[in-house]
Amino acid sequence: MGTKAISLKVLLSLVLCTYAAKIKRSIDLSASHALIQDVRLPMDILPTGYEIDIRPNLEDSSFSGSIKINMSWTKPTRTISLHAHYDLQINDRSIKLTKKTWESGNETASEEYIKILRGDRLPKKTVYIVYLKDTIKECSQCELAMEFEGGIWKTNEGIFKGTYISDDGEENTYLATYMRPNNARRLFPCFDEPGFKVPFKVSIARPRNFVTLFNTQLLKTEELDATKPNLDYVVDHFEVTPPMSTFTFGFVISQLKKIDFPMEYASGENKLQINIWASKKNASKFEDTFSKLTRLYNYMEEYFNSSLPLSKIDVIAIPELPLMHPSDNWGLILFKETELLNLGYYHLAQELIYQWLGSWITLEWWSDIHVNKALTSFLAANFVFQIDSGKEFNGKYPMTILYSLYYEFSKRYPHSRITGMKQESTSYKIELFIRMLNYTLGHDSLRAGIENFMASRHFKTFSSNDLWNALTVQSLLDKTLPSHNNVTDIANSWISKNRLPSISVQRDYAGKRATVTQKVYLRERPHDVPEQDKMLWWIPLVFIEENNLNFSYTRPIEWMPYKRDLILNNMPADDKFVIVNPEEIGPFPVNYDIKNWNMLSSFLQTNLGLSSIPALTRAKLLHDAWNLAYAGDLSFATAFNMTLFMQLERDPIVWNPVFTFIDHIGRHIDGSDVHEQFQAYIRHILTPLYLELSEQKNNLEIWHTELLSMAETFLCRAGYTICVEEAQQAFKQWMESDMADEKFMISNKYICPALKWGTMEEWQFGLMRVINFPKSRIQSERTYLLKNLAGCPVQSEKIVYLLNIAIIERNANFTENDIILIFNMLNRGSGGNKILLNFLSNNWSTIRNRFENKTNLWDSLISSATGSFTTDEGYKMVKTLFDEHRNEFGSALHIIEKSLKNIQEEAKWSEENLPVIENWLTEFFHKNHPKDE
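Read in order, the letters of the sequence shown correspond to residues -20 to -1, 1 to 913 in mature numbering (1 follows the signal peptide of the UniProt record, and there is no 0).
In C-alpha cells:
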C-alpha cells in the first residue's frame, strides 16, 4: 500500500493492540434484531485493512478473487475466525499467513511465514476458521492471504446480475452488489460486522466496453494478465477507501452513462461531486433529481457542519433493479430507475444522510439499527420541512405513523405475529421520541448535540447511548434540560417498552391545582396486560393555557419523573381550559376532566378557536377524545361533543382521523340498533364538506382532492342519496354495455354503493362478471369485485346466494382462496357475520363434510362466522352453535372458544357504550333536525 499507508497501518495496529484488551464483547445482541441471525467473531484478532482483487465473469455468472487481510492480535491465539458464506469456495491451498515485524525507525517490515494446519468451516455457520500450528502472540501484526471463487446470482444478496432493455432495444447485463446487513461474506472472506472499520484497496475486472463504479474514484485501468483468458476484460484499480464497514462496500459494472448537467456542483474542501448514471434515453428526466440531491447535500453540510471525506457520490439509476430498498454503499447509491425519477426530497434525504450516519459514522451492532434509522428518518423529515415547508408530506407527517403506533401499541398483544412490523414500529417510536426532544430540548440544542455526537465519531462506531449522552451534555450546557435529568434515562423509558403511556389531567378548579397521572395506554379490551402497573415513563408536560395560546413555546413546565402521579400548582382560572402535549409533541394521548373537555369543545366551535389552535393540535384533541372513549377512559358523549366543530373544519390534517373513527366505530356497532343513526350523523357532518369541496373541484390542492375523495367514499358507504343514485346510474350503463367482460365500465368508488344499495339484478350482474372474468385480464380486478360482492351488501339474500354457489354447489369458478376471501369480507361489516353464522348453522352437515379435509377453509369459516360479534345477542348466537356441535369443531375448537371469550369482552363494551352513543345521537337529532341526504 506504500510507505505512508504502512505507517498508518502500523500506528492503527499499535492503537488496537493497546486498547483492544480493554474492550469487552457484550452479550450477543443479534436476537434483538430478529431479522438478522448471526454469529459474532471473537475479538482475539482485529482487521486493519483489506487488499482485494475481484474477477467477475458475466458470461458464466461466476467470479474469482484474492484477498490480503492485515490483522492485529489482541490476545494470544492459534486460530483465525472469518465470515465466509457457504456458497463462497475458499482455496485452502492458497492460504498464507505472514507475520510482519517493524524495527524501530525502519519502514520496511521483516516477514516470517506462519505454518497453517488447515482451514475449515463451523457446522451450519457462515464462519471459516484457519488453524495455525503455533500460537501467535498478542500485539503481533500479520497478513492473511487466500484465493476464493463463487457464483453470481439473480437474487439481490451479495453480488448479483440483472438485465434491462437498453436505448437501442437490446438486452443489457449489469452486475451489482447489495451487502447490507451481512452479505459481504458472500463475495469475499472478511470480518463481516459493522463494528470493524478499516480501509480497502480494491481492483475489479470488467468487460472492456463496461464501466465499473466503486466506493471511491478510479485510479487507473490495466490489461489483465496476458497468461490468463481475459475475454476482452480489463482491470480497474481504485483509490484506497477511508475506513469503512464491510456492509458499505459496493460496486456496479454496467453500460449506463454518466449524465452531464448544465450546472456543476462542488462543496467543501473535498469538492465532492454528485454524479447520476442512467440510461441515455432518460437523461433529461433526472435534472430535477440532480437539483434535489445537490440542494439536500448543501443543507446537510451546513446542518452537520462537516463535509463527507469523499470526492464523489455516484447515484446509479438501474432499470428493473430488483431491490425493495436502495443499496446505500459509501459513495455509491443504487436506485431502481423509475423510483429515483419519482422520489421527493424525503427519500433522497434519507439516502444522503446514510452517507454520514451509517457509512462515515457506523452503528456498532445491529441491535441499534432502530436508532440509526429513526435519527435518519427524523432528520430527513426535518430537512423537508426546512426546504419546502413540508408540502411533500401533504400534512400526513407525523400523524400517519403516530396513529399507527397508537393502535398497535395499545393492543393486548402488539405485533404478536408480524416480526417485520415490530421492527418498523420500534424505529417509528424512536423517531417520534427524537421529535419530542426537538421540541422539549429545543431545535438548537438538539442540532448542536447531534453535530457534536457526529464530530466525535468520524470513522468510528456508535451505540445509542453515545447519542443520548451527547444530547445530555449539550442540553445541560444550554440549560434546556433540568440538571437532575439525563436523556439516556428518558430514552430508555420510551424505547425499552412496546407500549405507550397516556396521561390524565384532573383539575381542582377551586384550588387551582391539577393531578397528572400516567398509565399504560390500552385501547383494546380487556386491559389485562401483565405488569402494566410497573410501566412508567419520563414525560414532558407542555401546557398551553387559554389566556396564552402561544403554541411556539414548547418547553415543558415540568418533566413528569419516573412515577405514577404528580401535582401541579398555579393552574388558570376555572373558566379557562388547558391543553397538554400540543402539536403531538410526545407520542401519548391526554385525558382531561369533563369540564375541561367541554370548554375545549365550545371554544373549537367558534371562529376564534379554529384560527388560534393549530391544525395538529385540533387533530390531537379530536383523536385523543375518540380513542380514550374507545378504550373506556372517556364517555362517548364527550367524544361526540368534540366532533361538533367539524361542521366548520376544512383542514385535511384534522379530518384524517375522523375517517378512521367512522370506520372503527362503524364496524363495532354494525348490526346494532344505533348503527342507522350513526350513519345519519356521518352524512350530516360530511355533506357540507363534500358539497363545498365539490364546487371547488378543479382548483383544489392535492391534499384537498384526497379529502374530497375520502368524504365521497364514506358518504357513499353511509347511503348518501346523491352518491347511491350516481352509482346506480353508472352501474346501469355498465349492464347495458356490450363490453361488460372486457373491462370495468364503472369507477371503483361506485361499485360498493351499487352492490350495497342496488337491486338483486344489479348484484347478480356483478357476480356474473366474476364468474366470466377473462384470464387475460388483471386478476386483481376480479379480486376487487369479489371483495365488494361479499363485503358490501346488506341484504341477506345476496350473501346467501353467493355462499350457496361457492360452497354448496361447489362452482368451479371459485377457488379456495376465493372462498377464504368471501369469509374474510363477511367478517368485516354490514351484518355479514350474522348471515354467515346462520348459513353455517342451517347447512352444518353439508359444510362440515365439504371441508372435512380442508382445515384451512374450515378454520377460516369458524373464525369469520364467530369472531366479530360485539353484543350479548351475538354471544348467545355463537354459544348456541357451540352447544349444538360441541364435539364436531375439530381443528377449529380453539377458535370458537376464543371467539366466545372475546365476545364477552366486546359485549361489555357494547353494554356500556351503545346506550350512551344512542342517547347522544337521539338528543342531537332532536335539537338540530338536520336534513338527511
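Built from N, CA and C at the ideal position, the CB exists for glycine as well.
Taking just the CA atoms, how far does residue j sit from residue i?
i: residue 893; j: residue 771; result: 26 Å
i: residue 308; j: residue 55; result: 35 Å
i: residue 848; j: residue 734; result: 25 Å
i: residue 557; j: residue 601; result: 12 Å
i: residue 426; j: residue 251; result: 28 Å
i: residue 223; j: residue 360; result: 25 Å
i: residue 524; j: residue 444; result: 32 Å
i: residue 117; j: residue 64; result: 25 Å
i: residue 292; j: residue 634; result: 44 Å
i: residue 882; j: residue 271; result: 55 Å
i: residue 323; j: residue 380; result: 19 Å
i: residue 914; j: residue 142; result: The structure shown does not extend to residue 914, since the chain is modelled only from -20 through 913, so no value can be given for it.
i: residue 95; j: residue 113; result: 6 Å
i: residue 197; j: residue 218; result: 6 Å
i: residue 606; j: residue 644; result: 10 Å
i: residue 391; j: residue 375; result: 26 Å
i: residue 917; j: residue 760; result: In the structure as shown, the chain starts at -20 and stops at 913, and residue 917 therefore has no counterpart that could be examined.
i: residue 838; j: residue 102; result: 45 Å
i: residue 257; j: residue 195; result: 14 Å
i: residue 724; j: residue 778; result: 21 Å
i: residue 846; j: residue 694; result: 27 Å
i: residue 273; j: residue 234; result: 22 Å
i: residue 773; j: residue 743; result: 9 Å
i: residue 889; j: residue 162; result: 49 Å
i: residue 145; j: residue 262; result: 13 Å
i: residue 653; j: residue 897; result: 11 Å
i: residue 615; j: residue 901; result: 14 Å
i: residue 451; j: residue 50; result: 36 Å
So if DSSP puts residue i in a beta bridge, which residue, or which two residues, is it bridged to?
i: residue 157; result: 139
i: residue 53; result: 25
i: residue 121; result: 52, 80
i: residue 187; result: 213
i: residue 604; result: Beta-bridge pairing links residue 604 to no other residue.
i: residue 170; result: 63
i: residue 548; result: 494
i: residue 180; result: 30
i: residue 899; result: DSSP output for residue 899 lists no bridge partner at all.
i: residue 69; result: 129
i: residue 109; result: 61, 100
i: residue 408; result: DSSP, once it has assigned bridges, lists no residue as partnering residue 408.
i: residue 914; result: Outside the shown range of the chain, which is -20 to 913, sits residue 914, and nothing can be said about it.
i: residue 393; result: According to DSSP, which records beta bridges pairwise, residue 393 is partnered with nothing at all.
i: residue 858; result: Looking at the DSSP assignment, residue 858 forms no beta bridge with any residue, so it has no partner.
i: residue 585; result: Per DSSP, none; premise fails for residue 585.
i: residue 35; result: 44
Answer with buried or exposed for residue i, where buried requires no fewer than 16 other C-beta atoms within 10 angstroms of its C-beta.
i: residue 200; result: exposed
i: residue 544; result: exposed
i: residue 394; result: buried
i: residue 687; result: buried
i: residue 149; result: exposed
i: residue 533; result: exposed
i: residue 721; result: exposed
i: residue 649; result: buried
i: residue 857; result: buried
i: residue 717; result: exposed
Quick check: is the beta carbon of residue i nearer than 8 Å to any beta carbon in chain C?
i: residue 743; result: This model lacks chain C altogether; it includes just one protein chain.
Only counting runs of 4 or more residues, tell me where the alpha helix (DSSP H) segments fall wholly within the stretch 289 to 372, in order along the chain.
Unbroken alpha helix (DSSP H) stretches of 4 residues or longer found wholly inside the stretch 289 to 372: 317 to 322, 325 to 336, 349 to 368, given in chain order.
Taking only runs that begin and end inside the stretch 733 to 818, name each unbroken alpha helix (DSSP H) of 4 or more residues, in chain order.
Annotation note: the stretch 733 to 818 contains the following uninterrupted alpha helix (DSSP H) runs of length 4 or greater, listed N- to C-terminal: 740 to 751, 759 to 771, 776 to 783, 796 to 806.
Counting Cβ pairs closer than 8 Å, one from the stretch 267 to 286 and one from the stretch 168 to 181, do we hit at least three?
Remark: fewer than three beta-carbon pairs, one from each stretch, lie closer than 8 Å, so the stretch 267 to 286 and the stretch 168 to 181 are not flagged as touching.
Are three or more beta carbon pairs between the stretch 341 to 352 and the stretch 433 to 451 nearer than 8 Å?
In short, these stretches touch, since the Cβ pair count reaches three.
Would the stretch 172 to 192 and the stretch 124 to 134 be scored as touching if the rule is three or more Cβ pairs under 8 Å?
Short answer: they don't touch.
If you pair each beta-carbon of the stretch 509 to 527 with each one of the stretch 546 to 560, do three or more pairs fall below 8 Å?
Cβ pair count under 8 Å is three or more, so yes.
Run through the stretch 609 to 652 for me and flag every whole beta strand (DSSP E) of 3 or more residues, listed as ranges in chain order.
Listed in chain order, there is nothing to give.
Check whether the stretch 501 to 513 and the stretch 458 to 476 touch, using three or more Cβ-Cβ pairs below 8 Å as the test.
No contact exists between the stretch 501 to 513 and the stretch 458 to 476.
At least 3 beta-carbon pairs within less than 8 Å: the stretch 617 to 629 vs the stretch 579 to 590
Output reads yes: the stretch 579 to 590 touches the stretch 617 to 629.
Please list the segments of the alpha helix (DSSP H) lying wholly inside the stretch 465 to 522, counting only runs of 4 or more residues, in order along the chain.
Taking only runs of at least 4 residues, the alpha helix (DSSP H) segments lying wholly in the stretch 465 to 522 are 467 to 475.
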